[in-house]
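Presented below is the structure to which this report refers.
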Amino acid sequence: MKALLIRNLKVYFRDKASVFFSLLGVLIIFMLYLLFLGDVWISNLPGVPGARALMDSWIISGLLAVTSVTTVMGAFGTMVDDRAHKIIKDFDASPVSRSKIVAGYELSSFVVGTVMSLFALVLGELYIVARGGLWLSPAAMLTVVGLILLSALCNTALVSFVISFFKSQNAFSTASSLLGTLVGFLTGIYMPVGMMPDAVQVLIKVFPVSHAALLLRQTIMAVPLTQTFAGAPEAMRQSFESEMGIVFQWGGSPMSAATSLGILIGASLLFYGLSILQFSRKSR
Amino acid sequence: MDKIIEVTGLTKAYGNVQAVRGLDFYVERGKLFAFLGPNGAGKSTTIDILCTILAPDGGEVRVDGHRLGKEDAAIRNTIGVVFQDHLLDPLLTVEENIRTRAGLYGMGGHQLQQAVQNAAQIADVTEFLRRPYGKLSGGQKRRADIARALVNTPQVLFLDEPTTGLDPQTRKGVWESIRALQRDTGLTVFLTTHYMEEAAEADYVIVIDHGEIAARGTPTALKAEYASDQLRLAPSDEPALLAALAAQGLSGTCVAGAVVVKLAATMDALAILQHVQDYIKGFEVLNGTMDDAFIGITGREIRE
Chain A
401 MKALLIRNLK VYFRDKASVF FSLLGVLIIF MLYLLFLGDV WISNLPGVPG ARALMDSWII
461 SGLLAVTSVT TVMGAFGTMV DDRAHKIIKD FDASPVSRSK IVAGYELSSF VVGTVMSLFA
521 LVLGELYIVA RGGLWLSPAA MLTVVGLILL SALCNTALVS FVISFFKSQN AFSTASSLLG
581 TLVGFLTGIY MPVGMMPDAV QVLIKVFPVS HAALLLRQTI MAVPLTQTFA GAPEAMRQSF
641 ESEMGIVFQW GGSPMSAATS LGILIGASLL FYGLSILQFS RKSR
Chain B
10 MDKIIEVTGL TKAYGNVQAV RGLDFYVERG KLFAFLGPNG AGKSTTIDIL CTILAPDGGE
70 VRVDGHRLGK EDAAIRNTIG VVFQDHLLDP LLTVEENIRT RAGLYGMGGH QLQQAVQNAA
130 QIADVTEFLR RPYGKLSGGQ KRRADIARAL VNTPQVLFLD EPTTGLDPQT RKGVWESIRA
190 LQRDTGLTVF LTTHYMEEAA EADYVIVIDH GEIAARGTPT ALKAEYASDQ LRLAPSDEPA
250 LLAALAAQGL SGTCVAGAVV VKLAATMDAL AILQHVQDYI KGFEVLNGTM DDAFIGITGR
310 EIRE
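Following this line, the structure appears as structure tokens:
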């Protein structure tokens with residue numbers, strides 16, 4: 401399995417175009433933010449101290465969540481290509497079991513998602529600091545790394561399940577560009593959660609990736625939030641947090657971070673189980 | 010006799026299409042074995058089954074004593090496969106490709122390094138080990154495929170139409186490497202091919218058609234049985250020649266100014282020539298080819 405892991409990673413990172421395209425969704429959001437979205441949001445917070453730093457860390461948190469999804473999806477492209485080009489035959493004729501082959505794809509996608517998110521985290525931090533923001537504290541940094549690992553795990557399970565339904569490269573690339581676009585909405589990056597209609601809000605709140613975005617926001621925005629809302633009434637901070645998807649409201653009360661963490665772990669287990677079912681059903 | 014592959018009653022259907030209908034054959038250790046047949050005859054299906062990629066519907070297969078379906082991992086350790094398509098990673102170098110595949114056999118460290126070097130040397134790919142596989146020519150790719158298949162030092166090397174799609178010169182080069190490999194290492198080679206001149210060099214040939222064995226034997230035996238030799242006569246007096254042939258109970262066909270007589274045996278030509286020598290300017294005896302044998306067996310020409 402180690403051999404397959406190394407091979408899959410080499411194949412993914414050697415294809416510069418596919419690495420770029422798996423980051424394209426993230427780059428587009430970032431460009432839009434730099435060009436005008438950021439200014440629009442900041443103009444909605446007139447007279448709020450540190451609004452720029454606050455929104456910078458907000459967008460970086462969301463981008464980290466999206467990077468994880470799109471790069472995991474991109475890495476799984478290797479599996480789809482291998483099936484389409486029959487490379488899988490070569491593995492099947494070698495003494496490795498089907499489950500190890502699948503595990504090899506999953507493991508490499510997890511590694512790709514983690515590495516690319518860590519890379520995005522470094523760039524994001526550099527950006528925040530370059531714009532006059534503060535470095536994350538070591539403890540917060542550790543939490544973020546932990547969240548990156550968890551979200552890569554959850555996305556690997558999720559994509560592994562989704563991908564088991566696709567046979568052709570075309571279906572896969574359509575699905576991945578669709579997901580790449582949708583994920584920006586579903587994590588409330590294009591538009592803050594509070595601005596969405598109620599039905600969409602429910603959808604967002606059950607989508608596991610948005611909980612990764614939420615937890616990342618809670619960690620990365622902790623300091624800027626405290627600074628901005630230092631002298632403001634508590635209700636004002638709460639309404640900002642619900643509006644921007646930093647805290648989800650469910651049935652009138654705020655969801656705890658532990659609940660979001662539980663949802664991420666639960667979704668990882670659920671989708672991993674389902675994808676195993678799918679693959680074993682197919683190989684028979 | 011040492012049978013490295015034994016197949017009994019092998020069947021496989023795809024839906025209503027019976028691809029393989031009860032094949033029985035064996036392959037002797039150390040021989041070059043050719044599996045010949047028109048497209049859709051069941052060649053690739055059979056090779057996929059023997060390589061453990063495809064499960065048969067019925068029958069028993071043993072490879073180097075290991076039973077298919079029970080000891081697949083052992084079979085996979087014993088065999089090397091060169092597939093019809095080029096199945097290595099185009100963006101990785103030849104060396105990276107062979108190395109990663111070697112890892113699939115549980116090799117590591119020095120052993121892996123040694124195995125990669127050996128395979129590269131035997132398949133003659135050392136010159137372009139550091140070039141990306143996708144940038145190689147067709148012949149080089151094929152050599153790299155062979156190096157990959159040899160990395161676990163297999164007992165049997167399966168080649169599914171290894172020279173199809175190569176230009177004639179490259180094809181000759183690749184074919185010669187395969188021949189030399191089999192000769193020098195004593196490796197058993199199981200090959201499917203479209204090319205008669207390749208099948209003619211095999212130690213043993215099985216012709217399959219419609220999923221069944223249509224003929225089997227050494228190339229010499231198959232030619233003797235299914236391809237008749239021809240006596241081509243250049244007439245000095247054509248009507249008299251035809252009359253003389255008819256008097257012997259033979260019929261000649263006129264082809265482009267020559268009269269062609271089919272021979273049951275090559276030596277029959279001597280007797281015929283004595284009877285007709287006054288009416289001819291010259292003659293030649295053409296040996297039956299594998300092509301003729303193939304047409305004789307399947308009733309059609311092989312398609313490329």
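Residue numbers (the numbering used here), protein chains in the order written: chain A, 401 to 684; chain B, 10 to 313. The beta carbon of each residue, even a glycine, is placed where N, CA and C say it ideally should be. Since the model is a prediction, treat every value here as computed from it, not as a measurement.
At a cut-off of 9 angstroms between beta-carbon atoms, V496 of chain A makes contact with chain B. Following the DSSP letters along the chain, one finds R483 of chain A inside the alpha helix (DSSP H) bounded by residues 451-484. Close to chain B, meaning a Cβ-Cβ distance shorter than 7 angstroms, is no residue of the stretch 544-569 of chain A at all. Residue burial is scored here from C-beta neighbours: R192 of chain B has fewer than 16 other C-beta atoms within 10 angstroms and is therefore classed as exposed. At the C-beta level, Y505 of chain A and N570 of chain A stay beyond 9 angstroms of one another. For a Cβ distance threshold of 7 angstroms, residue set K486 of chain A lies close to D94 of chain B, ordered along the chain. Secondary structure of I84 of chain B (DSSP, three-state): helix. At a cut-off of 9 angstroms between C-beta atoms, I215 of chain B does not count as an interface residue with respect to chain A. Closest in C-alpha terms to K416 of chain A, from the list B:L100, B:L63, B:G115, B:R110, comes B:L100. By DSSP's assignment, A252 of chain B forms no beta bridge with any residue. For V90 of chain B, a Cβ of chain A is located within less than 9 angstroms of the residue's own Cβ.
By the Cβ-count criterion, Q164 of chain B is buried, with 16 or more other Cβ atoms from all chains shown falling within 10 Å of its own Cβ. In the structure shown, Y590 of chain A adopts coil according to DSSP, grouped into three states.
If you draw a straight line from the Cα of I56 of chain B to the Cα of D598 of chain A, it comes to about 58 angstroms. The C-beta of V600 of chain A comes no closer than 9 angstroms to any C-beta of chain B.
Using a CB distance below 7 angstroms, the part of the stretch 41-75 of chain B facing chain A consists of C60, T61, I62, ordered along the chain. Residues of chain B whose Cβ lies closer than 7 angstroms to the Cβ of K605 of chain A do not exist; the shortest such Cβ separation is about 41 angstroms.
Counting the other Cβ atoms within 10 Å of the Cβ of K144 of chain B gives fewer than 16, which makes it exposed. In the three-state DSSP reduction, P654 of chain A falls in the strand class (E or B). Using a Cβ-Cβ cut-off of 9 angstroms, V411 of chain A counts as an interface residue toward chain B, since at least one Cβ of chain B sits closer than that to its own. Not one beta carbon of chain B lies nearer than 9 angstroms to the beta carbon of A503 of chain A. Secondary structure remark: continuous alpha helix (DSSP H) runs of at least 4 residues inside the stretch 191-266 of chain B, in chain order: 205-208, 228-235, 247-256. If the five residues before and after I58 of chain B are omitted, its C-beta is found closer than 6 angstroms to the C-beta atoms of P65, all from its own chain and listed in chain order.
Setting aside the 5 residues that flank it on each side, F292 of chain B is surrounded in the same chain by L242, each with a C-beta closer than 6 angstroms to its C-beta; the list follows chain order.
Close CB contacts of A552 of chain A within its chain, under the 7 angstroms cut and outside five residues either way in sequence, are with S468, V472, F510, G513, T514, S517 (chain order). Taking 8 angstroms as the upper bound for CB-CB distance, R188 of chain B and E210 of chain B are in contact here, some 7 angstroms apart. For a Cβ distance threshold of 8 angstroms, residue set L113 of chain B lies close to F491 of chain A, ordered along the chain. Excluding sequence positions up to five before and after R637 of chain A, its CB lies within less than 6 angstroms of the CB of F629, all in the same chain and listed in chain order.
When B:G51, B:R30, B:I306 are compared, the shortest CA-CA separation from G67 of chain B is found for B:R30. Annotation: V647 of chain A is outside any beta strand (DSSP E) and is labelled neither H nor E by DSSP. Note on geometry: alpha-carbon atoms of K486 of chain A and T556 of chain A lie some 23 angstroms from one another.
With a minimum length of 3 residues, the unbroken runs of beta strand (DSSP E) contained wholly in the stretch 15-94 of chain B fall at 26-37, 41-45, 67-72, 88-91. Rounded to whole angstroms, the gap between the alpha carbons of G645 of chain A and L614 of chain A is 6 angstroms. At a cut-off of 9 angstroms between beta-carbon atoms, L404 of chain A makes contact with chain B. When only Cα atoms are considered, V426 of chain A and N86 of chain B end up about 44 angstroms apart.
Contact between D277 of chain B and P47 of chain B is absent: CB atoms are separated by about 31 angstroms, not below the 8 angstroms threshold.
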